[in-house]
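Novice:
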Amino acid sequence: MNTLLKMDRIILLGLASLALFGIFTLYAAVHHGDITIWQKQNLFWLFGMLVFLTVCFIPLRMIGLVTWPVYLVALLFLLLVPMIGDVQMGAQRWLNLGIVYLQPSELMKWTLIILLAHWFASREPSSLINFSVAVAVTIIPAILILMQPDLGTALVLLLATSAMLLASGIRWRWIFSALAASPICLYLLWNNMHNYQKKRVLSFLDPQSDPLGAGYHVIQSGIAIGSGGIFGKGFLEGTQARLHFLPEQHTDFIFAVLAEEGGLIAVLLLLILYGILISRILFISARAHTRFGSLLCVGIASVFMLYIFINIGMVSGMLPVVGVPLPFISYGGSALVTMLAALGIVMRVAIESKDKIPWQRPGSPFS
Amino acid sequence: MLKQLDIRQRFEGRMIVFQVTMAILLLLLFGRLIDLQLYEHEGLLLQANKNRINIVPLLPTRGIITDRNGAGLALNHISYKVQMIPERVEDMDGALLNLKRLLHWNDRQLANIRKRITHARSDRPVLLADKLRWDHVAPISARLHHLSGIDVIAGTHRHYPYADLTSHLIGYLSLAGPNDLKRGYLRTENVGRSGLEKAYESILHGKPGSQQEETDAKGRRVAVLNQIPPETGADIQLSIDVGLQQVASDALGNRTGAVVVMDIHSGELLTLLSKPGFNTNHFITGLEHEKWQSWLNDPRKPLLNRTTQAAYPPASTLKIVTALAGLRHRLPLANGATQCPGYLELADRKLRCWKRKGHKHVTLHKSLVQSCDVYFYQLGDQLGMQRLTEEASLWGFGEQTGITLTPEARGSLPADEQRLYNGRTRPWYRGETMITAIGQGSSTVTPLQMARFAAAIANGGKILQPKLKANAEPVVLHTVDVEMKHLQKVRKAMRDVIAKPKGTAYWVLNWAPWKVAGKTGTAQVIAMAQDDEDEDIKNKKVPVLDRHKDHAWFMGYAPFDDPKVAFAVFVEHGGHGGSDAAPVAAAMIRYLADQEAAQKVKAKRLKVSQP
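Just so you know, the sequences run in chain order A and B.
All the letters of the first sequence, read from the start, carry residue numbers 5 to 371 under the working numbering.
All the letters of the second sequence, read from the start, carry residue numbers 32 to 642 under the working numbering.
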């Protein structure tokens with residue numbers, strides 16, 4: 005009970021508001037079609053909340069202990085994908101484990117965040133060796149994911165890990181030199197790809213080659229968002245979504261439904277909610293009792309931020325189409341449950357750091 | 032090296048960077064949304080309300096299938112369909128009554144359509160009627176501006192001119208199901224479900240295109256903006272001669288059976304007929320459930336392709352294999368003779384010859400010509416099951432022929448020296464080997480395997496892959512290592528089945544325009560008259576049920592001196608090979624000879640007209 009009392013109220017409130025937002029928006033997106041999608045997502049919410057609460061009770065030390073084994077298993081899965089994975093939407097991403105379909109790239113992303121946090125928790129960030137190991141454990145899975153090819157996940161993975169490297173205290177110039185080296189790496193990678201892999205990457209970068217697909221979605225979602233105006237067309241009153249101009253309206257393009265029916269007001273509210281959630285995670289990070297906790301929070305906050313930015317950017321036509329969900333709003337069981345689990349870790353950091361001094365402040369165990 | 036406190040300081044500094052970055056990113060998004068929802072709002076709202084861009088798939092035209100002479104077996108007919116998008120209909124009852132009058136629906140049809148509309152999604156097109164001619168839809172087209180939400184769409188539908196005759200060969204299509212959607216088909220596309228429509232789906236189908244259409248608020252097309260035309264599927268010309276197939280079908284009448292005719296050099300199939308057939312044109316619109324059920328429950332199994340999917344006991348036609356095995360292993364009996372008293376005694380059993388009085392003095396030649404059972408009981412007994420089975424599998428039995436039609440039965444051969452019995456293996460009984468030697472045991476073959484066997488005898492032992500496409504490269508799967516003088520012996524015996532008055536097919540085929548070589552077969556369905564007590568049945572005192580009647584086989588090739596085609600005729604519960612199956616072959620030989628004669632005349636005329 006003590007643990008539950010120590011939970012961070014602002015995170016809880018933010019999560020509850022986002023849950024309401026998500027449930028109403030998904031209802032609007034599917035109410036005239038397959039309503040079972042909405043019912044399923046509600047079950048996912050229940051299950052996800054259970055997972056969230058369970059994670060709140062797992063000590064961070066335990067999480068730290070299993071990082072390396074889990075990382076190696078995730079790496080093994082990634083290596084298995086080209087051999088026995090299923091091809092969906094032109095890319096091999098899914099692994100059939102008998103009971104569940106697993107997307108090893110998703111698993112790898114979260115594992116890597118925990119691994120890097122653990123790596124730098126007790127290590128000197130300016131040491132070249134520590135830095136090189138961190139880069140190596142990131143680059144290997146990133147290349148494997150790029151070869152699938154799953155550019156979206158690879159991008160999120162690389163950006164989130166660079167944010168963590170940054171937070172761990174490595175020098176700016178290393179970050180910049182790594183960024184400068186990336187075009188060369190990409191060039192080498194491209195030359196080593198098979199033709200079919202190149203083809204997949206090209207069709208990803210040029211959605212116009214598939215007029216029934218991605219390019220079309222963006223035009224239509226732009227119309228949906230814009231026609232919503234300031235006050236929106238009203239709950240369940242959207243016409244764009246209703247007429248099926250938005251084929252993926254309940255997953256990656258759900259934001260368009262919200263913007264059309266709720267208008268700028270709802271959109272602003274959602275962005276504020278996201279802002280509160282993320283800055284609260286960063287706040288917990290700054291107040292964390294251990295460096296491990298701090299770095300975990302930074303990693304998780306960056307993934308959320310990247311998801312939000314890439315998804316809304318894509319739906320509103322600022323960015324190319326990348327298959328990335330809108331946190332807590334998009335339909336999808338595994339994405340929702342993983343994000344709730346991640347938020348559970350943040351909550352655990354908050355619980356463990358409650359009424360304690362942040363690390364390396366005078367009086368903290370590290371100083 | 033950094034001091035610990037420096038790390039903390041650096042960390043806190045970078046947290047500020049993160050907070051600022053987050054704020055900037057969220058503001059960027061907000062700015063973009065203000066741009067869309069405030070400044071572009073009016074224009075986009077106009078687009079959303081008035082003119083929408085709709086992307087409509089354009090379905091490809093399926094490739095057509097023709098026979099070797101260009102006769103169409105699967106064609107596309109232009110037709111019209113009527114669709115409705117329920118939520119765009121202003122007055123549903125009025126619209127339906129209007130349509131009822133225009134399309135001459137009865138009340139039951141109207142009720143069905145009402146049900147279909149209530150069960151469908153209100154924002155998606157619902158099919159109301161299809162396969163309509165222009166004169167049917169013209170009055171609707173003229174009134175379309177009164178009928179909001181209703182549209183007339185031109186397209187094609189598949190037509191099979193020969194329907195039942197080619198049903199198993201050509202197969203049929205149906206609308207894409209959930210599994211096809213996963214493979215990238217559109218909901219409105221048709222996919223090949225059986226026969227060649229399925230086997231050559233990837234060639235025939237073509238590739239859908241798309242069209243960007245500007246539509247008004249009621250969803251009606253205002254303008255076409257951008258078009259990617261669909262790619263038409265490729266046409267396929269078959270080696271089948273539909274005329275020959277028709278002749279075979281007429282000769283079979285309404286009996287159940289299968290006929291295969293194969294070019295002995297190329298493996299091309301000229302006929303692949305299974306009867307009874309079913310009218311594949313019923314599949315085009317999504318077949319009525321009752322029709323499908325009636326086909327499924329029909330005891331004559333019209334949906335079964337008897338040429339490739341069913342295997343039957345080969346009966347006496349397998350004696351050719353036994354004879355070849357005897358010759359290969361140089362058994363004295365194969366070149367000698369024995370006595371046939373009409374039966375063979377084995378312990379306390381009597382294995383009978385079909386001829387009660389017996390054939391007296393029999394050699395291999397005479398036994399094949401007159402189909403003596405006793406001779407082959409003895410030959411088989413001396414060979415043993417192992418060598419018999421080996422010979423049969425050499426000639427392509429017990430394995431799939433590799434024809435493009437799937438699924439294909441492989442038939443069965445008695446396994447080895449041993450057999451599984453009550454969970455243990457035990458050697459074959461002699462009696463089992465003996466009846467296997469006359470094709471009556473546990474071995475079964477498909478009519479297609481049988482035709483290929485006949486072709487291999489005619490072409491010197493080449494086991495061919497059956498081909499359905501015209502001018503396909505012949506594929507010799509393997510060549511049987513057989514001595515020419517042995518083969519010649521068997522061929523002469525097969526010729527005398529027709530040429531000698533005592534041969535089992537003499538009366539039917541001796542006067543055919545081509546010299547034919549062949550072998551009859553009569554497969555017992557139940558052990559009838561094997562024991563003496565059943566004498567009553569043999570004497571026809573007890574009526575014979577149709578499903579207890581024997582299967583009839585006739586296989587062979589023609590012309591004898593310069594073979595061109597090999598054939599296998601199978602009549603299920605047909606009676607006797609000679610009297611019931613051979614006439615089908617006779618009809619086909621007459622047709623083929625006529626065709627050849629006509630071609631010669633044509634060639635001569637051509638020569639005369641081009642001096």
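A virtual CB, placed ideally from N, CA and C, is assigned to each residue, including glycine.
Sorted by chain position, which residues of the same chain lie with C-beta nearer than 6 Å to D562(B)'s C-beta, five sequence neighbours on each side aside?
Specialist: The predicted model places D562(B) with a pLDDT of 44, which falls under 50 and marks its position as unreliable; any figure quoted below should be read in that light. Cβ within range, chain order: n/a, list empty.
Novice: Is the CB of A171(A) under 9 Å away from at least one CB in chain B?
Specialist: Proximity of A171(A) to chain B, defined by a Cβ-Cβ separation below 9 Å, is satisfied.
Novice: Since M586(B) sits in a beta bridge, which residues does DSSP pair it with?
Specialist: K550(B), A599(B)
Novice: For the beta strand (DSSP E) containing N315(A), name the first residue and the last one.
Specialist: Per DSSP, N315(A) belongs to no beta strand (DSSP E); it is in the alpha helix (DSSP H), 295-319.
Novice: Could you tell me which residues DSSP pairs with N107(B) in its beta bridges?
Specialist: R189(B)
Novice: DSSP state of P91(B), grouped into three classes?
Specialist: coil
Novice: Quick one: measure Cβ to Cβ for L104(B) and Y191(B), integer angstroms, because I've assumed they're closer than 8 Å.
Specialist: 7 Å
Novice: Count the other CB atoms, across all protein chains shown, that sit within 10 Å of the CB of T645(B); report buried if there are 16 or more and exposed otherwise.
Specialist: Lying outside 32 to 642, the shown extent of chain B, residue 645(B) is not represented and no answer is given.
Novice: What's the C-alpha gap between P325(B) and G308(B)?
Specialist: Note that residue 325(B) is Ser in the sequence shown here, rather than Pro. The straight-line gap from Cα to Cα measures roughly 13 Å.
Novice: In this structure, how does DSSP classify N129(B) when only helix, strand and coil are distinguished?
Specialist: In this structure, N129(B) counts as helix in the three-state DSSP scheme.
Novice: Whole beta strand (DSSP E) runs in the segment 304-386 of chain B with 3 or more residues, listed along the chain?
Specialist: 368-371, 374-377, 380-383
Novice: Leaving out the 5 sequence neighbours to the left and right, which residues in its chain are closer than 7 Å to G336(A) when beta-carbon positions are compared?
Specialist: T255, P329
Novice: Would you give the residue range spanned by the beta strand (DSSP E) that T394(B) belongs to?
Specialist: T394(B) -> beta strand (DSSP E) spans 391-394.
Novice: Given a limit of 7 Å on CB to CB distance, which residues of the segment 315-328 of chain A reach chain B?
Specialist: I316, G317, S320, M322
Novice: Measuring only the C-alpha atoms, how far is Q401(B) from A368(B)?
Specialist: 14 Å
Novice: What is the residue span of the beta strand (DSSP E) that G288(B) lies within?
Specialist: That run of the beta strand (DSSP E) goes 288-294.
Novice: G470(B) to T187(B), Cα distance in whole Å?
Specialist: 49 Å
Novice: Within its chain, find whatever has a CB closer than 6 Å to the CB of A524(B); leave out the 5 residues flanking it on each side and keep chain order.
Specialist: H396, L399, V400
Novice: When the Cα atoms are used, what is the spatial distance from Y182(B) to S172(B)?
Specialist: Looking at the sequence provided, one finds Asp at residue 182(B) rather than Tyr. Taking the straight line from one Cα to the other gives about 8 Å.
Novice: Is there a Cβ from chain A that is less than 9 Å from the Cβ of V255(B)?
Specialist: no
Novice: Below 8 Å, how does it come out for the segment 334-343 of chain B and the segment 368-386 of chain B: are there three or more Cβ pairs, yes or no?
Specialist: no
Novice: Quick one: which chain A residues come within Cβ less than 7 Å of Q258(B)?
Specialist: Simply none; closest approach about 10 Å.
Novice: Given this structure, state the Cα-to-Cα distance separating F658(B) from S131(A), to the nearest angstrom.
Specialist: Only positions 32 to 642 of chain B appear in the structure, and residue 658(B) is not among them; the question remains open.
Novice: Using a threshold of 9 Å, state whether the C-beta atoms of Y406(B) and T420(B) are closer than that.
Specialist: no
Novice: Below 8 Å on C-beta distance, what does E43(B) contact in chain A?
Specialist: A290
Novice: Specify the secondary structure class of F231(A) as computed by DSSP and reduced to three states.
Specialist: Residue 231(A) is actually Ser in this sequence, not Phe. S231(A) falls in the helix class under three-state DSSP.
Novice: Identify the residues that DSSP records as bridge partners of A160(B): which are they?
Specialist: V113(B)
Novice: So which residues on chain A does T115(B) lean against when the C-beta distance must stay under 7 Å?
Specialist: Note that residue 115(B) is Met in the sequence shown, not Thr. None at all; the shortest Cβ gap to chain A is about 15 Å.
Novice: Pull out every residue of the segment 268-289 of chain A whose Cβ sits closer than 8 Å to any Cβ of chain B, in chain order.
Specialist: Listed in sequence order: L268, V271, L272, L275, Y278, G279, I282, S283, L286, S289.
Novice: Would DSSP call P170(B) helix, strand or coil?
Specialist: helix
Novice: Should W584(B) go down as buried or exposed, given a rule of 16 or more other Cβ atoms within 10 Å for buried?
Specialist: buried
Novice: Does DSSP put S402(B) in a helix, in a strand, or in coil?
Specialist: Coil.
Novice: Per DSSP, A254(B) forms a beta bridge with which residues?
Specialist: When DSSP reads this structure, A254(B) sits in a beta bridge with E245(B).
Novice: Is it buried or exposed, K569(B), if we count other Cβ atoms within 10 angstroms and call 16 or more buried?
Specialist: Residue placement at K569(B) cannot be trusted, given a pLDDT of 49 that sits under 50; what the coordinates show is reported in the next sentence. Around the CB of K569(B), fewer than 16 other CB atoms lie within 10 Å, so the residue is classed as exposed.
Novice: Which value, in whole angstroms, describes the spacing of the CA atoms of L30(A) and N310(B)?
Specialist: 47 Å
Novice: Quick check on this structure: which residue in R522(B), L269(B), A468(B) has the alpha carbon closest to the alpha carbon of T435(B)?
Specialist: L269(B)
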